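K.L.:
Can you read through this structure? Questions will come right after.
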Amino acid sequence: MPSPGGTAAHTNSLISKKVGEKNKPEADRAASCAIVLVLILGLAASVVGSLFIEFVLRLTGASG
16 MPSPGGTAAH
26 TNSLISKKVG
36 EKNKPEADRA
46 ASCAIVLVLI
56 LGLAASVVGS
66 LFIEFVLRLT
76 GASG
């Protein structure tokens, strides 16, 4: 899975390149794709986190 920092850096680089080339439609497309990617990755992380939260809490010794 791509790291959030890496995804942001690559997206930033791509958008900057397209803006520098005066290619606004491609810059807009890259930004839109990045937003969708972040939403999908966030949803996936939330689902995985909710499935394993009890295990992680027990593993860390949390009680209550």
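Residue 16 is where the sequence shown starts when you use this note's numbering, and the numbers rise one by one after that. Where is the CB? At the ideal position from N, CA and C, for every residue including glycine. On a predicted model such as this, the values are computed, not experimentally measured, just so you know.
1. Quick check on alanine 45: buried or exposed, where buried means 16 or more other Cβ atoms within 10 Å of its Cβ?
2. Rounded to a whole number of angstroms, what is the C-alpha to C-alpha distance between alanine 59 and leucine 52?
3. At the level of alpha carbons, what is the spacing between glutamate 41 and leucine 54?
4. Along the chain, where does the alpha helix (DSSP H) containing glutamate 69 start, and where does it finish?
P.N.:
Let me spell this out:
1. Buried.
2. Those two C-alpha atoms are separated by around 11 Å.
3. C-alpha separation (whole angstroms): 20 Å.
4. Glutamate 69 -> alpha helix (DSSP H) spans 39 to 74.
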